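The structure appears below as structure tokens.
In UniProt numbering, the protein residues as written are 1 to 150.
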């Protein structure tokens, strides 16, 4: 259900398997504590991303989305907003300057996390609205095409 709500309708089983593989890595390499992964990476965002991508199926976007949430408990990751949500921020007039946004949020990693996840929610809702609207749009286009033939 969580994967489906996140828009992962086509590859739910594969995504769930990949997340399970990532959990296995955390258990085996980091004693079941992802904080140890952060420590192993020297608290560096790039190294954390590389370590996460060692799990099969975990790519740049998955890491970015993970950073949206984890920055609330790992302040060294802040400020972070995934690329899709950053595009949404630009589209709705917020802008894409992460430092400016972070400053507006009083440089609070927890608030930055809420903001990033809120943008993700907006992006997913926009995507769903397009899907909901598309059949009506296609019917409208079909009617217009037929009317012009008359």
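The beta carbon of each residue, even a glycine, is placed where N, CA and C say it ideally should be. It should be emphasised that the depicted structure is a prediction, and the values quoted were computed from it without experimental measurement.
Review point. How would you call residue 39, buried or exposed, if buried means at least 16 neighbouring beta carbons within 10 angstroms?
Key: Exposed: under 16 other Cβ atoms inside 10 Å.
Practice item. Compute the distance between the beta-carbons of residue 96 and residue 89, then report whether it is under 8 Å. Key: In this structure, residue 89 lies closer than 8 Å to residue 96 by Cβ.
Check your understanding: Out of curiosity, what's the CA-to-CA distance linking residue 13 and residue 58?
Key -> Roughly 14 Å between the two C-alpha positions.
Practice item. Ignore the nearest five residues each way along the sequence and tell me which others in residue 26's own chain have a CB closer than 6 Å to its CB. Key: Closer than 6 Å at the Cβ level, and outside the excluded window around residue 26, lie 34.
**Study point:** Simplified DSSP assignment, three categories, for residue 105
**Key:** Residue state, collapsed to three classes: coil.
Practice item. Kindly indicate which residue of 114, 15 and 126 has the alpha-carbon position closest to the one of residue 78. Key: Across the set 114, 15 and 126, the C-alpha of 114 shows the shortest separation from the C-alpha of residue 78.
Exercise for review: Could you tell me the boundaries of the alpha helix (DSSP H) in which residue 15 lies?
Suggested key: Per DSSP, residue 15 belongs to the alpha helix (DSSP H) from 12-29.
Check your understanding: For residue 65, which of 119, 91 and 125 has the nearest alpha-carbon?
Key -> Looking at the Cα atoms, 119 is the closest of the given residues.
Check your understanding: In its own chain, which residues sit with a C-beta less than 8 Å from the C-beta of residue 61, not counting the 5 before and 5 after it?
Key -> Within the same chain, Cβ atoms closer than 8 Å to the Cβ of residue 61 are found at 82, 83 and 84, the five residues on either side in sequence being excluded.
Point to revise | Contacting residues, own chain, Cβ-Cβ under 7 Å from residue 3 (five flanking each side not counted) | key: Unreliable positioning characterises residue 3 in this predicted model, as indicated by a pLDDT of 47, which lies under 50. The coordinate reading is nonetheless provided below. Within the same chain, residue 3 has close Cβ partners 12, 15 and 16.
Practice item. Under the assumption that residue 80 contacts residue 117 (Cβ atoms under 8 Å), give the Cβ distance between them as a whole number of angstroms. Key: So it is not a contact: roughly 11 Å between Cβ atoms.
Check your understanding: residue 101: buried (16+ other C-beta within 10 angstroms of its C-beta) or exposed?
Key -> By the beta-carbon neighbour count (other beta carbons within 10 angstroms, threshold 16), residue 101 is buried.
**Study point:** residue 63 vs residue 49 beta-carbon contact at 8 Å
**Key:** Result yes, Cβ atoms of residue 63 and residue 49 sit closer than 8 Å.
Practice item. Would you give the residue range spanned by the alpha helix (DSSP H) that residue 73 belongs to? Key: Segment: none, residue 73 is in no alpha helix (DSSP H) and carries neither H nor E.
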